[in-house]
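Residue numbers (my numbering): 1023 to 1280.
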């Protein structure tokens, strides 16, 4: 069985690659746990100064795995709390990682996959990339990811994105301040490497770490409390009739009548 996450280090850059292309790199508990462990590994690796997150295949991450969504319908409230906390741990691990994290987004970054890109410090995407938090369309809520989205975009934009559940191209994501750069697919690998190397060669590792801490720890002192609330909301909404209806229709590929 292939690893769900690949880890490679070269020139002080750790490349973390999501390796579930046959499932559009969709998130499930195993992938979330392995990603968290791999980011912790990178944070403790003395040979690493900058981290790049990318994915194999045509999608960065299409959100939650179908089998995973199906299982959520049968989880107890306590199981859903634990599951939500695992996603929270992944996102906070990346957000507070003592090293700069660059996302290389190629293809779709949807729902939790969009959250994964949003949480990174610097985001490169291709013109063909698409983004979106589609949770409301299937009776779910973008609870945990919303806490981090509001760190990047205005409340006006956050409401538009989260309430409509629309998907949008990279150029629109750039206008929203959700990402930093749009780069042709033929150039994105090279541009990401050049950017990462410029940080490695041109900046103090200690200064990068402390500057990132300065931003993440002073930007929103209530973030941890917001995340705790989001975890509770995440678990509660999974018990709602709308969630059960939405997931059932989604799994059957039926149009949902709200």
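A virtual CB, placed ideally from N, CA and C, is assigned to each residue, including glycine.
Query                                                                                                        : Result
Straight-line Cα distance separating residue 1110 from residue 1249                                          : 7 angstroms
Span of the alpha helix (DSSP H) around residue 1072                                                         : Element bounds for residue 1072: not the alpha helix (DSSP H) but the beta strand (DSSP E), 1072-1077.
Helix, strand or coil at residue 1207 [DSSP, three-state]                                                    : coil
Backbone CA spacing between residue 1277 and residue 1156 [nearest angstrom]                                 : 15 angstroms
Per DSSP, cross-strand counterpart(s) of residue 1049                                                        : 1086
Exposure label - residue 1261; buried when at least 16 CB within 10 Å                                        : exposed
Cα-Cα separation, residue 1086 to residue 1202                                                               : 25 angstroms
Segment contact flag, the region 1233-1244 with the region 1074-1094, C-beta cutoff 8 angstroms, min 3 pairs : no
The beta strand (DSSP E) enclosing residue 1187, as first and last residue numbers                           : That residue, residue 1187, is in no beta strand (DSSP E); it is neither H nor E in DSSP.
Burial state of residue 1096, where buried means 16 or more other Cβ atoms lie within 10 Å                   : exposed
Where the alpha helix (DSSP H) through residue 1269 begins and ends                                          : 1263-1273
Between the CA atoms of residue 1153 and residue 1083 - distance to the nearest angstrom                     : 10 angstroms
Expected contact under 8 angstroms - CB spacing of residue 1034 and residue 1069 to nearest Å                : 7 angstroms
Length-filtered (3 minimum) beta strand (DSSP E) runs lying within the region 1087-1168                      : 1122-1127, 1130-1132, 1144-1147 and 1152-1154
Proximity winner among 1168, 1227, 1173 and 1165, relative to residue 1243 (alpha-carbon distances)          : 1173
Enclosing beta strand (DSSP E) for residue 1038 [first to last residue]                                      : 1035-1040
Contact the region 1138-1150 vs the region 1160-1177: 3+ CB pairs below 8 angstroms                          : yes
DSSP-derived helix/strand/coil call for residue 1214                                                         : helix
Straight-line gap, residue 1079 to residue 1179 (C-alpha atoms, nearest Å)                                   : 30 angstroms
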